[in-house]
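One line per chain: the protein sequences are A and B, in this order.
The first sequence runs 1 to 440 under the numbering used here.
The second sequence runs 1001 to 1291 under the numbering used here.
This report concerns only the one structure given below.
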Amino acid sequence: MDREELAPHAEELARVLGEKVTKDRLLDELERYVNLYRVSLEWAKRDILKKMGGDPGSIGNGSGRKSVAELTGAEQSVDLLVKVLTVNPKTIEVGGARKNILYGYVADESGRVPYTVWETESVQLKEGETVVIRNAYTKEYKGAPQLNLGNRASVERSDEVLDVADMPAGGGHCEVKVAELAEGMNYVVVSGKVSKIERKEIVAAGERKNIVTGVLTDETGSAEFTIWKEAELQEGAEVRIVGAYVKSWRGIPKLNLGDKAEVQVLAAGTLGDLAGIAPKARTLLDVELSGGGMDVVVRGTIVDVREGSGLVMRCPECRRVLQKGTCRVHGKVKGVDDLRIKAILDDGTSTMNVVFGKELTEALLNMSIDEAVRLTTEERNPDAVKELAEERLFARTLEVRGMVRSDDFGPMMIAREARAVEVDAREEGAKLLTELEGFE
Amino acid sequence: MAREVAWRVFAAEFNSSSYEIKGEGEKAPSYLISPLGAKINRVFVVGVLTDKENVGNGNEPVWRARITDPTGTFYLTAGQYQPEAAMALAKMEPPCFVAVVGKFRTYSPEEGKLYVSIRPERIGRVEAGARDGWVLETCKATLDRISAMEEALKLGEPTVEKLMQIGFSQPLAEGTVLSMQHYHIDDLSRYKGMVTDALKFLLPEYQTGPEMPVEASVPEEVEVEEEDVDKEALVLSLIESLDSGKGAAWDEVVQRAKAQGIEREELDSIANSLLDKGFVYEPVLGRMRKI
């Protein structure tokens, strides 16, 4: 390495060591270590720091200034010059204590990366600011680097102007899947097939405005979107949406495309065949954290059948469930029989309420509504069907698909499909055992 | 408030839990931290109901039951506050396959000792396939916990944040950190062995029944263990027979065991093993009772 290449590293050492040592002296040292003794640059820097009385820990693996695109997810200490795109506060519980963190995206001209600030007292970030982040570290999550600002990190405002305005278009590896959309996300890049396109005229701030709404579907799920301007969009087109933001309504994330967002139309077939395939099953914890979705598939065990399950009477006017033959709104009415099951699904990661309507209840209990009415009359027990449901469904493992919303009691699914999960425990067990013994 | 998740844990892991975090205030949930960091409030178990007994009376039944899995035995108690589970238990004839959802409860006869059992909320009969499915699912869940523990050990000073950054869920990260503080486990091979044994339980080629030839390569430890189990059974029956209601006097157990050829030192280790497994407890110092 020539002196020119080594110069920035000498500068970095000088910064750590302060005024104690001149930059030229450090450059000489570096040259000696790297070129004469052929010590790797990283170790050379550590050794020199140690020799000069600095803290070798302050520059770690992959140390020094990097651009976002150069991040590998294994940096122990890294400096970046970035623009803060988004700042979201969040409270997490750590060992029973509440802790405030910040998360969002930062970007430079090379790309964009999600970050988390773990020490909000020492590090403050503002949206739109350009900053130098020092001594951050990275981790790899789902194949992409994540930037972490821990207790060693520091942040300095910078006057440099970074051209990240059209950044989202370039942020290749920051794409998300529909199932990963969550409240508060900004600058989202997501691809899928569009359907149910509608054009509407709204009046916003006294002005007439044309907007476009629809549904975006990929192999993980579906989400509604709204484009807040006129847009050309064909039903069934495959698109890449760049720079959208996410707002949730009752737990269901929705995509919003503002002025900065764009829709790129992809060649037909780019995303493969999305027709008729169900989204992949997600864990209940994952669903709980995202809040919900229009089209969600989960697997779990029925651990409880709740009150209100079984044969119910509904008001013929408003479909409300009658209490002792009386509707809350329409008073005493002649009720209509209906069947439903409200169950709790649990997969060991979290739980979810699931409501099965008449058809699914009939299928799950293998019993028609007429048979249910007969059973209730014969046994003179209004809970006969609920008790049967407990007996037949408790501890059953099901795969269910439907729409999931969230409220104070957590997520709730209105099921559209349900099927028993048949697991070949022997085959899967043998596979797992081979994997395990292979490691020993 | 969100419902507590039902953890999938094997009996061996559940029964060796000795760290309880009591919820403060009226509605705050309590948790049992297992050695592998399951932060248990509720469990889901499928196994064989091997025994049930009404320890209450006809009017106010209190059912005690034992459910076995490939690693050990779960102990259940259902009384008047678990009417549905108690009623269901009353109708069951062991042995049969059952599924249970319930909350943990603990019993501490003396400082430093904690026995755990399940207070069932719901119990129902299931098919053998459901048990196999549960064993597989529980193997996977246990392996997840083992890998979180391994990462935590590598970190040296694990924190919830660091574990979450590696990709573990928040509940698992929290449980793992709590477990590390209490159990100081540094060797996970015992738990890995438990999982491989449980997996072998599912596979017919590993099941040695009377109709199958005993393989020559059966390791010797297995035989020794069987002998241990026999002696444990012997001591357990001694304790039971010497118990006139307040527990068997330890001195008598020592004498009778000696007559059967079990020396004091060996008896101590057998008694400790029985205590660990939750088969017996000490109601007062110097007395032993079968649970």
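The beta-carbon is built from N, C-alpha and C at its ideal position, and this holds for glycine as well.
- Is the Cβ of P1213(B) closer than 8 Å to any Cβ of chain A? Annotation note: pLDDT 37 at P1213(B) (below 50); position unreliable, no value reported.
- Query: Are the segment 324-341 of chain A and the segment 304-312 of chain A touching by the rule of at least three beta carbon pairs closer than 8 Å?
  - Reply: Taking 8 Å as the limit for Cβ pairs, the verdict is that the segment 304-312 of chain A does touch the segment 324-341 of chain A.
- According to DSSP, which residues form a beta bridge with A343(A)? V305(A), V354(A)
- For M1(A) versus V39(A), is the C-beta distance shorter than 8 Å? no
- Please compile the residues from chain A whose C-beta is within a distance smaller than 7 Å of the C-beta of S1169(B). L285, T349
- Task: Going by CA-CA distance only, name the one from V188(A), G335(A), E129(A), T91(A) that's closest to N100(A).
- Result: Nearest of V188(A), G335(A), E129(A), T91(A) to N100(A), Cα basis: T91(A).
- Task: Kindly list, in the order they appear in chain B, the residues whose Cβ is closer than 8 Å to that of G104(A).
- Result: Going along chain B, no residue has its Cβ under 8 Å from G104(A), so there is no contact; the nearest lies around 16 Å.
- Message: Report the start-end ranges of each beta strand (DSSP E) in the segment 253-278 of chain A that is 3 residues or longer and not cut off at the edges.
- Response: 262-265
- Proximal chain B residues relative to K139(A), where beta-carbon distance stays under 8 Å: Q1165, I1166
- Query: Per the contact definition of three or more C-beta pairs closer than 8 Å, is the segment 239-259 of chain A in contact with the segment 1141-1160 of chain B?
  - Reply: Counting Cβ pairs under 8 Å, fewer than three are found: no touch.
- Message: Counting only C-beta atoms, is L1136(B) closer than 8 Å to chain A at any point?
- Response: yes
- Are E238(A) and T270(A) touching if we call contact CB-CB under 8 Å? yes
- Task: Rank V329(A), T220(A), K229(A), V287(A) by C-alpha distance to the C-alpha of R208(A) and give the top, closest one.
- Result: K229(A)
- Item | Closest Cα partner of E1275(B) within the set P1061(B), A1065(B), A1086(B), K1113(B) | It should be pointed out that residue 1275(B) corresponds to Leu in this sequence rather than to Glu. Taking each of P1061(B), A1065(B), A1086(B), K1113(B) in turn and checking the Cα distance to L1275(B), the smallest one comes out for K1113(B).
- Message: Spatial neighbours of T377(A) within its chain, please: C-beta separation below 6 Å, excluding the five flanking residues on both sides.
- Response: none
- Message: Suppose the cutoff is 7 Å on Cβ atoms and the five residues either side in sequence are ignored; what does the same chain contact list for E160(A) look like?
- Response: L81, T130
- Run through the segment 357-389 of chain A for me and flag every whole alpha helix (DSSP H) of 4 or more residues, listed as ranges in chain order. DSSP assignment within the segment 357-389 of chain A yields the following whole alpha helix (DSSP H) runs of 4 residues or more, N-terminal first: 358-365, 369-379.
- Query: Could one say the Cβ of K1200(B) lies closer than 8 Å to chain A's Cβ atoms, at least one of them?
  - Reply: yes
- Task: Quick one: using the 10 Å Cβ neighbour count with 16 as the cut-off for buried, is P145(A) buried or exposed?
- Result: By the neighbour-count criterion, in which a residue is buried when 16 or more other Cβ atoms sit within 10 angstroms of its Cβ, P145(A) is buried.
- Residues in the segment 1068-1101 of chain B having any Cβ partner in chain A nearer than 9 Å: E1084, V1098, A1099, V1100, V1101
- Task: Grab the span of the alpha helix (DSSP H) containing T217(A) for me, first residue to last.
- Result: In the DSSP assignment, T217(A) falls outside any alpha helix (DSSP H) and lies within the beta strand (DSSP E) extending over 207-218.
- If you compare alpha carbons, which of V242(A), A205(A), R157(A), I227(A) is closest to N186(A)? V242(A)
- Closest Cα partner of R426(A) within the set S1269(B), E1240(B), A1130(B), G1047(B): A1130(B)
- With distances taken from CA atoms, which of R157(A), L71(A), L125(A) is nearest Y141(A)? L71(A)
- Message: Using 8 Å as the threshold, is the C-beta distance between G293(A) and A179(A) below it?
- Response: yes
- Task: Return the Cβ separation of V194(A) and V176(A) in integer angstroms, given the expectation that the two are a contact with Cβ distance under 8 Å.
- Result: Their Cβ separation, rounded to whole angstroms, is 17 Å, which puts V194(A) and V176(A) out of contact at 8 Å.
- Task: Determine, using beta-carbon pairs with one atom in the segment 1029-1044 of chain B and one in the segment 1163-1176 of chain B, whether at least three such pairs fall under 8 Å.
- Result: yes
- Item | Segment limits, alpha helix (DSSP H) that includes N1054(B) | No alpha helix (DSSP H) holds N1054(B); the beta strand (DSSP E) holding it covers 1042-1054.
- Would you list, in chain order, the members of the segment 293-316 of chain A that have their beta-carbon closer than 7 Å to a beta-carbon of chain B? T301, V303, D304
- Message: List, in chain order, every chain A residue whose beta-carbon is nearer than 8 Å to that of R1145(B).
- Response: Residues of chain A passing the Cβ test: none, with the nearest at roughly 11 Å.
- Item | Residue closest to L1076(B), alpha-carbon to alpha-carbon, out of G1058(B), V1098(B), G1193(B), N1057(B) | Checked all of G1058(B), V1098(B), G1193(B), N1057(B); the closest Cα to L1076(B) is V1098(B).
- So, is N329(A) buried or exposed, given that buried needs 16 or more other C-beta atoms within 10 angstroms? Before going on, a small fix: residue 329(A) reads as Val here, not Asn. It counts as exposed.
- Item | Rounded separation between K1258(B) and R1264(B) - CA only | 7 Å
- Query: Under the DSSP definition of a beta bridge, which residues are partnered with A14(A)?
  - Reply: DSSP output for A14(A) lists no bridge partner at all.
- Query: Of all the options V1048(B), I1291(B), S1108(B), which has the alpha carbon lying nearest to the alpha carbon of A1248(B)?
  - Reply: I1291(B)
- Query: In terms of DSSP beta bridges, what is T130(A) paired with?
  - Reply: Note: T130(A) sits in a beta bridge opposite K83(A).
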